[in-house]
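Structure, as structure tokens:
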Amino acid sequence: LDLIFQVPSNTTFTLDLFKSLGGKDKTSNVFFSPLSISSALSMLLLGAKGSTAKQMRECLKTKDCKDVHSSFAALLQELNKPDSSYALGVANRLYGDSPELKTFLHIILQKFYNAELESVDFLNKAEEARNQINSWVEEQTQGKSVCIDAVDSSSKLVLVNAIYLKADWKEQFEKDFTRDAVFRLNKRETRTVKMMWHKSKFKLRHVKEVSCQVIELPYKRGELSMLIFLPNDIEDNTTGLEKVGQSTGVCFHDLLLPLLLLMQLLYFNLPEC
Numbered sequence: 047l048d049l050i051f052q053v054p055s056n057t058t059f060t061l062d063l064f065k066s067l068g069g070k071d072k073t074s075n076v077f078f079s080p081l082s083i084s085s086a087l088s089m090l091l092l093g094a095k096g097s098t099a100k101q102m103r104e105c106l107k108t109k110d111c112k113d114v115h116s117s118f119a120a121l122l123q124e125l126n127k128p129d130s131s132y133a134l135g136v137a138n139r140l141y142g143d144s145p146e147l148k149t150f151l152h153i154i155l156q157k158f159y160n161a162e163l164e165s166v167d168f169l170n171k172a173e174e175a176r177n178q179i180n181s182w183v184e185e186q187t188q189g190k191s192v193c194i195d196a197v198d199s200s201s202k203l204v205l206v207n208a209i210y211l212k213a214d215w216k217e218q219f220e221k222d223f224t225r226d227a228v229f230r231l232n233k234r235e236t237r238t239v240k241m242m243w244h245k246s247k248f249k250l251r252h253v254k255e256v257s258c259q260v261i262e263l264p265y266k267r268g269e270l271s272m273l274i275f276l277p278n279d280i281e282d283n284t285t286g287l288e289k290v291g292q293s294t295g296v297c298f299h300d301l302l303l304p305l306l307l308l309m310q311l312l313y314f315n316l317p318e319c
């Protein structure tokens with residue numbers, strides 16, 4: 047029940063955030079973790095009051111504060127299953143220099159978000175605190191290097207979310223089939239990129255409400271999937287996904303996909319910080 051409650055609000059929050067982030071430059075890549083941002087905001091909601099709490103609940107698309115925290119507890123527990131076929135870690139931690147914060151938030155943060163509240167001295171030891179935060183993130187992401195530098199002597203509270211995913215495709219792409227191909231950035235621009243290619247049966251659905259196709263790429267054992275949205279058409283100076291950002295999310299809550307035969311996927315590398 048807690049997970050069912052969380053799905054519609056998280057989906058709507060994700061689409062609203064995608065619309066906001068992609069609205070400034072419609073031709074650039076947008077890479078973000080909606081779960082990281084929504085869980086971080088929900089943690090802050092624990093200490094919010096009055097109009098601030100009201101605005102945060104409106105942003106998160108939830109009106110019941112109690113339900114949102116119990117829903118996140120259930121979701122994080124489901125994602126961090128130790129016996130899963132994938133390695134997915136979602137970790138949260140707060141760093142602050144106020145003893146009152148530790149007394150007020152420590153127990154409830156652990157209960158809902160399995161998060162610790164770490165005491166640091168930002169005023170006198172900002173560099174030490176920054177290194178401590180970076181070390182924790184590196185540990186949570188299996189040794190990935192990080193460069194969190196937005197910490198100085200004026201910092202009072204720093205909320206950190208670390209997310210890590212490593213999983214094998216259920217249908218493996220053959221490396222020998224990777225080849226150069228033309229990728230369409232917008233209606234007028236193209237770029238030659240590496241493309242992975244594989245022929246198999248995948249689930250596909252045409253979503254007429256937002257004029258796009260959605261294909262599902264399952265990971266091993268089908269516990270997780272990647273959904274790829276491909277717009278039916280691209281207008282000048284757009285990516286073609288603007289209608290997805292404008293959607294209320296209703297058509298994505300229960301997205302059932304029939305089978306498709308052929309799949310071609312862009313091959314990409316994510317730069318490390």
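Count the sequence shown with this note's numbering and you get residues 47 to 319, in order. Glycine included, each C-beta is placed from N, C-alpha and C at the ideal position.
Check: Where the beta strand (DSSP E) containing G135 begins and where it ends; Outcome: 133-142
Check: Limits of the alpha helix (DSSP H) - the one that T98 falls within; Outcome: 96-106
Check: Alpha carbon of Y132 to alpha carbon of K212, nearest angstrom; Outcome: 6 Å
Check: Span separating the alpha-carbon of N56 from that of T108; Outcome: 9 Å
Check: Cβ separation of S88 and N207, assumed to be a contact under 8 Å, to the nearest whole Å; Outcome: Contact flag wrong, Cβ pair sits at about 11 Å.
Check: Of the residues F168, M241, K127, the one placed nearest Y141, counting alpha carbons only; Outcome: F168
Check: Nearest-angstrom beta carbon gap, F78 and L67 [assumed within contact, 8 Å]; Outcome: 6 Å
Check: For V228 and R234, the rounded distance between their alpha carbons; Outcome: 12 Å
Check: Three-state secondary structure assigned by DSSP to F229; Outcome: strand
Check: 9 Å Cβ cutoff met for D143 and V114; Outcome: no
Check: Residue burial classification, L316 (beta-carbon count within 10 angstroms, cutoff 16); Outcome: Confidence at L316 is low in this model, with a pLDDT of 37, below 50, so its placement is unreliable and no value can be given for it.
Check: Close Cβ partners of V296 (< 6 Å) along its chain, the five nearest in sequence each way excluded; Outcome: For V296, the predicted structure reports a pLDDT of 48, less than 50, and the residue's modelled location is therefore unreliable. The matter cannot be settled from this model.
Check: Distance cut-off 8 Å: I274 Cβ against heavy atoms of the ligand ZN; Outcome: Of ligands this structure carries none, so the ligand ZN is not represented either.
Check: Alpha-carbon spacing of I153 relative to N138, whole angstroms; Outcome: 14 Å
Check: K216 and K266 closer than 9 Å at C-beta; Outcome: yes
Check: Beta bridge counterpart(s) of S165 as assigned by DSSP; Outcome: G142
Check: Where the beta strand (DSSP E) containing P264 begins and where it ends; Outcome: 258-264
Check: Own chain residues within Cβ distance below 8 Å of R225, not counting five before or after; Outcome: K240, M241, W243
Check: Beta-carbon spacing of E162, Q156 below 9 Å; Outcome: yes
Check: Under 9 Å between C-beta atoms of L90 and M102; Outcome: yes
Check: Three-state secondary structure (DSSP) of A213; Outcome: coil
Check: Reference Q123, options L106, G96, N160, I274, closest by Cα; Outcome: N160
Check: Beta strand (DSSP E) segment containing V239, residue limits; Outcome: 236-253
Check: Extent of the continuous beta strand (DSSP E) run through S200; Outcome: Per DSSP, S200 belongs to no beta strand (DSSP E) and is neither H nor E.
Check: Residues that DSSP places opposite F406 in a beta bridge; Outcome: Nothing about residue 406 can be read from this structure; the chain reaches only from 47 to 319.
Check: Check whether L134 and I209 have beta carbons under 9 Å apart; Outcome: yes
Check: Chain-order list of residues whose beta-carbon lies under 7 Å from that of L270 (same chain, five-residue window excluded); Outcome: Y132, A213
Check: Inter-residue spacing [alpha-carbon to alpha-carbon] between E104 and C258; Outcome: 28 Å
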